[in-house]
Structures are given as C-alpha cells and as structure tokens.
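All remarks here apply to the structure that follows.
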C-alpha cells in the first residue's frame, strides 16, 4: 500500500462527502421561513382585497423582525422550549417522553400551594390550600418543591422504563394520565392563585425577559453537557446502539433513569416559569406541551430513532415554531391555520430527516 | 510467572439439558495465535462466551495470567485484559472512531460523576497511536462509523484491542462479512498483532486464513475438543477430517 493511499485495501474515504452539521440545515430553514413571511407581509396588501384570509384594513406593524416581535417569538417558545431541552435528551437516548405536559400541570399546582401569600389586598388569601404555616414562605421552598416534584415524576418514568422493560411510550403515557389526574385531585379542580411577590418574579423578572434567560441558560448548559461530558456521550451511544453500549460496560439502565429524571426536572422548571408568569396554577396547565416540545426537537433535526441531534438544533427548531406562530399573527391570519400548518411542518421535518439519512446511507 | 496466559480446566456449560460445552481443557501461551475451528453448534462460541464473562459456566476453572478468574460480565473480562471483537461489532454507528474506541471507559479531564468532562484531545491522540500500531488506515477518525465500509468498521473494532494493551485478544469470525481486499487488510492487522507478541484466539471457518495466521488449531466437535494440532504437523484435509468426525486424536478419544 502506498503512503498516500486512503482507507483500507484501496477503499477511499472522501472527506469532502461529509455532510455539514444538520444544524446548518435547520438554520437555513429558519431564515427561509422568516424571509417567506417578510415577503408575504410586504406583498399581500398590494394584491387586492379579494382574499378571504386577510384583513387588510388593520394594516401591519413594521417588519417581522423588530425587537418587540422577537421578544414575543422567544417568550412564547421559552416555556415549551425548556421541556424540549429534556425531550431532546430523551429522544437522543432512543426513548420518548409523553408526560411533561401533565407533570407541568401537577408541579404548578403543588409548587403554587407553597408559594401562597398570606394577605391579598389586606384580606386573607381565599385560595390557600394549606393553613397559615404555608404562607409567605421564602421563594426557595416552592422552587425546591417544584424541582422535587418534577424529579420524582421523571425518576418514576425512568425506573419503569429501565427495570420493567416496558416501552417508554407506555410508561410515560401512564405518567401523563396519572399526573393530570393528580393535578386535578390536588385542589379538587380549583385553580390556585395569589403567590408571593418573589415567586412572581421568577417568570416576570428582568422586565419580562426572565423566561427567555432561563430557557437560553438551560439550553447552553445542556448543550455543553451533551457535547463534553460522559453523560452526553453515553446518551448518544445508547440511542445509537443500545447493545453495543451495554457490551461496552455502560450502565444503560442507570443512565436511562438519569435521562428521564433530568427531563422531569426540566418539566418542573417549566412549571415554575409558567405558573409564576401567570401568577396562577390550574390543573389544565401544560396540555399539549409535550407534543409541541417533541415537534420542536424533530424540526430541529433530532432523529426519533435516537443517536442523532443536539440542543442547538432544538433551540433553532423552537425558533422556527415561534416564527411560524408569530408570522401568522403578523399576516393577520386566523389561528386555525397556524395549527394546521404546524402539523404539516412536523411531518415534513421527519420526512426530510428520513430522506437525508437514506441519501447519506447510499453515498457511504 | 509461567508463559501460559490462559488455561481452562474441565470448562463445561449446560443450557438446561443441552450440553453445549463439555470438559474443555485448553491452554494458550504468550505470543501464541490459536485458531478454534469446528462445525456450527460445535461449541466454539459457547467456549468463548464462558471466557469473556458473557455467560456463567456450569463447571470448571479458568486461569488467566496465572490467576483463577470468575468474570461476572464482559466488562470484568475486559478490565482484566481480555479484549473481544464480537461478531456483531458492538460499535455505535452515530459516533466517531475515538468515541467508539473509548466507549464505556472514556478518558476524563475533570471528574464529576456522570457529568465528568471528556478529554477529547487525549482520546484522539491515543486513537491515532492505536491505529498506527495495528496498521489501520482511516483517513478521518472523526467521521462517524455509519459512513465507513465494512472493512473499516472491522478495523475500528480490532483497533480497540491495541488501544488498551490487552493481554489477550479474541476474534469471532472477523472476516466473515468482508470482501477479498478488506479481508487481506484485517489479516495484515492480525499479523501485526503477532509481531507485537499479542496472543490471539481466532474463531474462523476460513482454512487458508487459519493456516496463514495461526500456530495451532483446536478443533471442537459436539461440545468437546477433539483435536489440538500444530500447524506444521497438519494440513487442510487433516483438519477437515477432525471437524467432520472422521478422525479423533487418541488423547481425546475416550470422551467421544
């Protein structure tokens, strides 16, 4: 074999054929979608007033990417985005988690019960679940309660999946139904309101930016963890080839418990932000959050068959999500169309992912 | 220390009523390359599974590097220095070469439980060393396994043994799924191991390969060892006679 030959036995390996990171594709998709909305927004008003879809009289407000709109875009995805960070890790490990929406509902109820203020406008708090002892507690207590609640739910998911060997779909479906029931049972269906000022600051602080800061902070943290720690490497390995991971001595069962526990903890954090932002908790909170979160990860290039994807991709996926919702409002389109288009985009993202992988396989 | 690296005494495995392996007495010396041959179901893989801790033996003793050993799982065996290239390669397709080489025993820069920081640089360097040592050429070690040919994948799996300075390498039909050129490459790597003095147990159906690469051939038949042949004293015809049952060496005859 000559010195400059590539590969083994004369087989060549073309480094140039290496696909660019998938995140680049997602970023291009994001920019394309923004551009489409921008162009539509500029053109549509001049196309006559025959359209049933548009109400041109009210006009538009500037371009799609002004600061105020950007804030709305990121704000509305940051709460489900926190869940999507957990969903990304679960899906990379080859699993799925259907429970976070319900866990948000339950955790919001429980945490809010420990965040009650004693006096509302000088009158005793009418919505308190517990007596005087649970009034005006320092904010750290509801925060710890929320984290504990999310961690417990996630750990139950993980233990069920790892040690009873039932499919993640079933285990987390069970948690989804059970947690929703528990959320309703907690206050017999009554909403809980009137938290302390400190608790309200979690979701409303930094002139309203705090959910975004929490979301981005967590995204950066977990992106680095997935990329640079043993935990991340093992998460990818398990999703990529569980048997190989087991044979390599990775404690697969223990690792799965950890992955689902982290996902549960992030659901708990999301519950903190959403209940604090709205200054109230209801049993119906978080419905469909898990599906939005899964959609964000899939749009962001995380493969549902495991082993592939990143938090960065998910964040971009979340932004695509936000831009679409916001863009429809910008074009004054009915909310019904949003959901319909959202569904189409989720399916299109998975089809694209399949197609890309088939192409990569035939090129290899 | 004696020069025997692995010895089994009366190694036996029963699956319920099926006697898959019966009283195997086997020795392997340092630097020696031994082939295990036999028909399908003769007990070759069962034998290897007992040594590597994939299964627990019914009876018998395994002495590795002078010590009686009892491996609970493949990781125990690996930590003791027995590296196995499994038939199903045990590679994670979406990870790159260093990731796969160090899977389950990553090098750590900063210890923090499950969140320990990986030392990518050291792992890359040691990967390059291992590839050089085994003579494996993979131009881009940061490419993922899914983009590699069958031969390259096999080479990555074999390179794992070199990375961890194992005391014994076991290969289970490493070239069964490969083309002619790729097979030649894998055989070259095995020769490099021989030159480096690394002992090897090779399970293979390929008579030419076995005659080329190994010093000794141990033949299994119906769960028992039926022959232990030095390469110089035998030929393909002879080995086939032992495999098919036409011949049995006198010292093993009473068991048959």
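Protein chains in written order, with this note's numbering: chain A, 557 to 920; chain B, 18 to 273. Even for Gly, the Cβ is constructed at its ideal location relative to N, Cα and C.
| Item | Value |
| --- | --- |
| CA nearest to the CA of residue 819/A, picked from 692/A, 667/A, 741/A, 706/A | 706/A |
| CB of residue 765/A within 9 angstroms of CB of residue 669/A, strictly | no |
| Cβ pair residue 356/B, residue 158/B closer than 9 angstroms | Examination of residue 356/B is not possible in this model, given that chain B is present from 18 through 273 alone. |
| Where residue 115/B meets chain A, residues with beta-carbon distance less than 8 angstroms | Ordered by position in chain A, no residue passes the 8 angstroms Cβ test against residue 115/B, which lies about 10 angstroms from the chain. |
| Sufficient close CB pairs (3 or more, under 8 angstroms) joining the segment 116-134 of chain B to the segment 781-789 of chain A | yes |
| According to DSSP, residues forming a beta bridge with residue 680/A | 675/A |
| Close beta carbons around residue 644/A, own chain, < 7 angstroms, minus the five adjacent residues each side | 853, 858, 865, 867, 870 |
| Residue 250/B, buried or exposed, once every other Cβ within 10 Å from all chains shown has been counted against 16 | exposed |
| Inter-stretch contact at 8 angstroms, needing at least 3 Cβ pairs: the segment 696-714 of chain A / the segment 815-830 of chain A | yes |
| heavy atom of the ligand SAH below 8 angstroms from residue 186/B C-beta | With respect to the ligand SAH, the structure shown offers nothing to examine, as it has no ligands at all. |
| DSSP state of residue 220/B mapped onto helix, strand, coil | strand |
| Pick from 652/A, 683/A, 715/A, 737/A that is closest to residue 795/A, judged by C-alpha positions | 652/A |
| C-beta contact flag for residue 683/A and residue 748/A at 9 angstroms | yes |
| Whether residue 70/B touches residue 43/B by CB criterion (9 angstroms) | no |
| 7 angstroms CB neighbourhood of residue 160/B in its chain, flanking five on each side removed | 113 |
| Own chain, CB closer than 6 angstroms to residue 714/A, minus 5 neighbours either side, in chain order | 812, 813, 816, 817 |
| Per DSSP, cross-strand counterpart(s) of residue 244/B | 236/B |
| Beta-carbon contacts of residue 756/A that lie in its chain and below 7 angstroms, excluding the five residues immediately before and after | 832, 835 |
| Residue 55/B - DSSP class collapsed to helix/strand/coil | strand |
| 7 angstroms CB neighbourhood of residue 745/A in its chain, flanking five on each side removed | 839 |
| Chain-ordered chain B contacts of residue 799/A [CB-CB under 9 angstroms] | 105, 107 |
| Reduced DSSP secondary structure (H/G/I, E/B, other) of residue 23/B | strand |
| Short-range partners of chain B found in the segment 707-724 of chain A, where Cβ spacing is below 8 angstroms | none |
| Whether residue 671/A touches residue 680/A by CB criterion (9 angstroms) | no |
| Residues in the segment 131-145 of chain B having any Cβ partner in chain A nearer than 9 angstroms | 131, 132, 133, 134, 135, 137 |
| Residue 100/B at chain A interface by Cβ criterion, 9 angstroms | no |
| Option in 649/A, 760/A, 631/A, 688/A with minimal Cα separation from residue 939/A | The structure shown does not extend to residue 939/A, since chain A is modelled only from 557 through 920, so no value can be given for it. |
| Where residue 837/A falls: helix, strand or coil (DSSP) | strand |
| Close beta carbons around residue 215/B, own chain, < 7 angstroms, minus the five adjacent residues each side | 186 |
| Segment contact, 8 angstroms Cβ cut-off, at least three pairs: the segment 654-665 of chain A with the segment 872-883 of chain A | no |
| CB contact below 9 angstroms: residue 803/A versus chain B | yes |
| Which of helix, strand or coil DSSP assigns to residue 133/B | coil |
| Residues that residue 31/B bridges to, as DSSP identifies them | 36/B |
| DSSP state of residue 740/A mapped onto helix, strand, coil | helix |
| Within chain B, the residues that residue 964/A reaches when beta carbons sit closer than 7 angstroms | Nothing about residue 964/A can be read from this structure; chain A reaches only from 557 to 920. |
| C-alpha distance - residue 263/B paired with residue 120/B, whole-angstrom precision | 45 angstroms |
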